[in-house]
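J.: When you line the sequence shown up against our numbering, it's residues 6 to 338, in that order.
Just dropping this structure here.
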Amino acid sequence: MDRRILIIDGAMGTMIQRHNLDEAGYRGDRFKDWPSDLKGNNDLLSLTRPDIIKEIHKQYLEAGADIIETNTFSSTAIAQADYNMQSLAYELNVASAKIAREAIKEYSVNRQPSTVNEIYIAGAIGPMNKTLSLSPDVNNPGFRSVSFDEVSEAYYEQVKGLVEGGVDLLLIETIFDTLNAKAAIFAIKKYFRDTKKSELPVMISGTITDASGRTLSGQTLEAFYTSIAHAKPLSVGLNCALGAAEMRPHIEELSGLATCYTSAYPNAGLPNSMGAYEEEPEETAHFLEEWAKEGFVNIVGGCCGTTPEHIRHIAEKVKKFVPRKLPVTEAVA
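Rendered as structure tokens:
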């Protein structure tokens, strides 16, 4: 990241939707008699349709991605409880990490080893479907449906699976509640302390949910960054919720705040009335080219609605620019 702007991949869900899988397509043979509906559990496809997930990874690699994310956005016991699949959380993470590694191996055939060695697997750690900062009951503001210990334990299991599956770094992403992110940070630190393994780099990416410039739990961007800086992340950034046009002022602000590298992977514009994303690859790439030119970013890519074509255009547009330089910080006496 000192030498060039790195490219992270685009949306996994957008690519899965193209396959138009029905309930049986998600279940496969192993889960054909599962008592709960499974359609929509995209992470489960790492077990039932690994061929689809691997092919999506390879398409992003062909498009120029330097970092590919595992198919584990919801692979925690808490999130998988929606499908009564809590017991599969660890297995999902191991399998997804291994699929990403296989995709790199297959992509690397007939390529120079030096280029393959610079491809990294990011273990994707999503925000969960339960929040520690907000009550799900409007009549009881103090109520929480989950505790910090429960969230950190679920993240611990996910981290264990990702690391043992072979990821290169850990990505805590789409953060709308910083307390959930803190539970993930705690789990990561505890895992490496318990196992005495060398710590993997951690990337952290938050989500600004509207024009107010705040996260869903109410923090400003500066407050969010201050809250997670103690983790000493490899990078901090923003993803999801906004298209590039709406995200720009926040990326500019973050670039001025962060003492680490910065990342940005916006949606393909804002969704239309039907929930679809219509921003063309050339449009998204134009915005990110501007950010690169202004020196705001070290890592760029795409979130909801983006495809390998978006990533290909982004990679082409930013390659001519030098990455954001880390600010010079004064030594503490």
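Glycine included, each C-beta is placed from N, C-alpha and C at the ideal position.
Please read all numbers here as calculations on a predicted model, not as lab measurements.
Run through DSSP, which three-state label would residue 337 get?
T.: Counting from one through the sequence shown, the residue named residue 337 turns up at place 332. The predicted position of residue 337 is uncertain, since its pLDDT is 42 and thus under 50; a value taken from the coordinates is nonetheless stated next. Note: residue 337 maps to coil in three-state DSSP.
J.: As a quick exercise: from 13, 8 and 6, pick the residue whose alpha carbon is nearest that of residue 305.
T.: Sequence index remark: in the sequence shown, residue 305 carries index 300 (1-based). Nearest of 13, 8 and 6 to residue 305, Cα basis: 13.
J.: Just to check my reading of the structure: residue 259 and residue 282 have Cβ atoms closer than 8 Å, yes? What is that Cβ distance to the nearest angstrom?
T.: By one-based count along the sequence shown, residue 259 stands at place 254. By one-based count along the sequence shown, residue 282 stands at place 277. With 8 Å as the limit, residue 259 and residue 282 do not qualify as a contact, their Cβ atoms being about 23 Å apart.
J.: Under 8 Å by Cβ, that's how I've got residue 318 and residue 287 pegged, so tell me the actual separation to the nearest angstrom.
T.: Counting from one through the sequence shown, the residue named residue 318 turns up at place 313. Counting from one through the sequence shown, the residue named residue 287 turns up at place 282. Yes, they are in contact, since the Cβ atoms of residue 318 and residue 287 sit about 6 Å apart, within 8 Å.
J.: By DSSP, does residue 285 sit in helix, in strand, or in coil?
T.: The count along the sequence shown starts at 1 and reaches residue 285 at position 280. Residue state, collapsed to three classes: coil.
J.: Around the C-beta of residue 284, are 16 or more other C-beta atoms found within 10 angstroms, so that it is buried, or is it exposed?
T.: For the purposes of this step, residue 284 is identified with residue 279 of the sequence shown, where counting begins at 1. Buried is the call here.
J.: Starting from residue 349, follow its DSSP beta bridges and name the residues at the other end.
T.: The structure shown does not extend to residue 349, since the chain is modelled only from 6 through 338, so no value can be given for it.
J.: Could you give the C-beta distance for residue 103 and residue 147, rounded to a whole number, given that I count them as a contact under 8 Å?
T.: Here residue 103 corresponds to residue number 98 of the sequence shown, with the count starting at 1. Here residue 147 corresponds to residue number 142 of the sequence shown, with the count starting at 1. Actually they do not touch by this definition, with Cβ atoms about 42 Å apart.
J.: Kindly indicate which three-state DSSP category residue 275 falls into: helix, strand or coil?
T.: Here the question's residue 275 lines up with position 270 in the sequence shown. Coil, per DSSP.
J.: Would residue 130 pass as a contact of residue 163 if the rule is Cβ separation under 9 Å?
T.: Within the sequence shown, the letter at position 125 stands for residue 130. Within the sequence shown, the letter at position 158 stands for residue 163. In this structure, residue 163 lies closer than 9 Å to residue 130 by Cβ.
J.: May I ask you to report which of helix, strand or coil DSSP gives residue 70?
T.: Residue numbering aside, residue 70 sits at position 65 when the sequence shown is read from its first letter. Note: residue 70 maps to coil in three-state DSSP.
J.: Touching or not, the stretch 207-214 and the stretch 166-184, by the rule of three or more beta carbon pairs under 8 Å?
T.: At 8 Å Cβ cutoff, the stretches touch.
J.: Could you tell me whether the Cβ atoms of residue 268 and residue 243 are closer together than 9 Å?
T.: The residue you call residue 268 lines up with position 263 of the sequence shown. The residue you call residue 243 lines up with position 238 of the sequence shown. It is a contact, given that the beta carbons lie within the stated cut-off.
J.: May I ask you to report which of helix, strand or coil DSSP gives residue 241?
T.: Locating residue 241 in the sequence shown gives position 236, counting from the first residue. Note: residue 241 maps to strand in three-state DSSP.
J.: Where do the N-terminal and C-terminal ends of the beta strand (DSSP E) with residue 208 fall, by residue?
T.: As a first step, residue 208 must be located in the sequence shown, where it is residue number 203. Here the beta strand (DSSP E) through residue 208 covers 207-211.
J.: Report the option in 253, 222, 158 and 266 whose CA atom is closest to the CA atom of residue 237.
T.: Counting from one through the sequence shown, the residue named residue 237 turns up at place 232. Measuring from the Cα of residue 237, the nearest candidate turns out to be 266.
J.: Per DSSP, what are the beta-bridge partners of residue 270 in this structure?
T.: As a first step, residue 270 is located in the sequence shown; it is residue number 265 there, counting from the start. Answer is 244.
J.: Starting from residue 128, trace the beta strand (DSSP E) in both directions and tell me its first and last residue.
T.: As a working note, residue 128 is residue 123 in the sequence shown. Note, residue 128: beta strand (DSSP E), 125-130.
J.: With residue 183 as the anchor, note down where its alpha helix (DSSP H) starts and where it stops.
T.: For the purposes of this step, residue 183 is taken as residue 178 along the sequence shown, with counting starting at 1. Per DSSP, residue 183 belongs to the alpha helix (DSSP H) from 183-200.
J.: Indicate the three-state DSSP secondary structure (helix, strand or coil) for residue 231 in the structure shown.
T.: On the sequence shown, residue 231 is found 226 positions in, with the first residue counted as 1. Note: residue 231 maps to helix in three-state DSSP.
J.: Just mark residue 328 as buried or exposed, buried being the case when its beta carbon has 16 or more other beta carbons within 10 Å.
T.: In the sequence shown, the residue the question calls residue 328 occupies position 323. Buried, by the Cβ-count rule.
J.: Out of curiosity, what's the CA-to-CA distance linking residue 4 and residue 270?
T.: Because the chain here runs from 6 to 338, residue 4 falls outside it and cannot be looked at.
J.: Could you give the first and the last residue of the continuous alpha helix (DSSP H) run that contains residue 174?
T.: What you label residue 174 is simply residue 169 of the sequence shown in a count that begins at 1. Counting along the chain, residue 174 falls outside any alpha helix (DSSP H), though it belongs to the beta strand (DSSP E) covering 174-180.
J.: Note down, one range per segment and in chain order, each alpha helix (DSSP H) of at least 4 residues found wholly within the stretch 23-62.
T.: For the stretch 23-62, whole alpha helix (DSSP H) runs of length 4 or above, ordered along the chain, are 28-32 and 50-53.
J.: Would residue 303 be called buried (16 or more neighbouring beta carbons within 10 Å of its own) or exposed?
T.: On the sequence shown, position 298 is the one that residue 303 refers to. With 16 or more other Cβ atoms within 10 Å, it is buried.
J.: By the DSSP assignment, the alpha helix (DSSP H) with residue 3 in it spans what residues?
T.: The structure shown does not extend to residue 3, since the chain is modelled only from 6 to 338, so the question has no answer here.
J.: In the structure shown, what three-state DSSP assignment does residue 219 receive?
T.: For the purposes of this step, residue 219 is identified with residue 214 of the sequence shown, where counting begins at 1. It is a strand residue.
J.: Rounded to whole angstroms, what is the Cα-Cα separation between residue 157 and residue 195?
T.: Taking the sequence shown and counting its residues from 1, one reaches residue 157 at position 152. Taking the sequence shown and counting its residues from 1, one reaches residue 195 at position 190. Their backbone Cα atoms lie some 9 Å apart in a straight line.
J.: Would you call the CB atoms of residue 165 and residue 98 closer than 9 Å?
T.: Residue 165 sits at position 160 when you count from the first residue of the sequence shown. Residue 98 sits at position 93 when you count from the first residue of the sequence shown. Yes, Cβ-Cβ distance for residue 165 and residue 98 is below 9 Å.
J.: Pick helix, strand or coil for residue 225, following the three-state DSSP scheme.
T.: Your numbering for residue 225 matches position 220 in the sequence shown. Looking at residue 225 - three-state DSSP - the assignment turns out to be strand.
J.: Suppose you measure from the CA of residue 107 to the CA of residue 320; what does that come to, to the nearest Å?
T.: Along the sequence shown, read from residue 1 onward, the residue named residue 107 stands at position 102. Along the sequence shown, read from residue 1 onward, the residue named residue 320 stands at position 315. In a straight line, the C-alpha of residue 107 is about 23 Å away from that of residue 320.
J.: What residue range does the alpha helix (DSSP H) around residue 98 cover?
T.: One-based indexing of the sequence shown puts residue 98 at position 93. Element bounds for residue 98: 94-112.
J.: Alpha carbon to alpha carbon, what distance is there between residue 123 and residue 87?
T.: Residue numbering aside, residue 87 sits at position 82 when the sequence shown is read from its first letter. Residue numbering aside, residue 123 sits at position 118 when the sequence shown is read from its first letter. About 37 Å.
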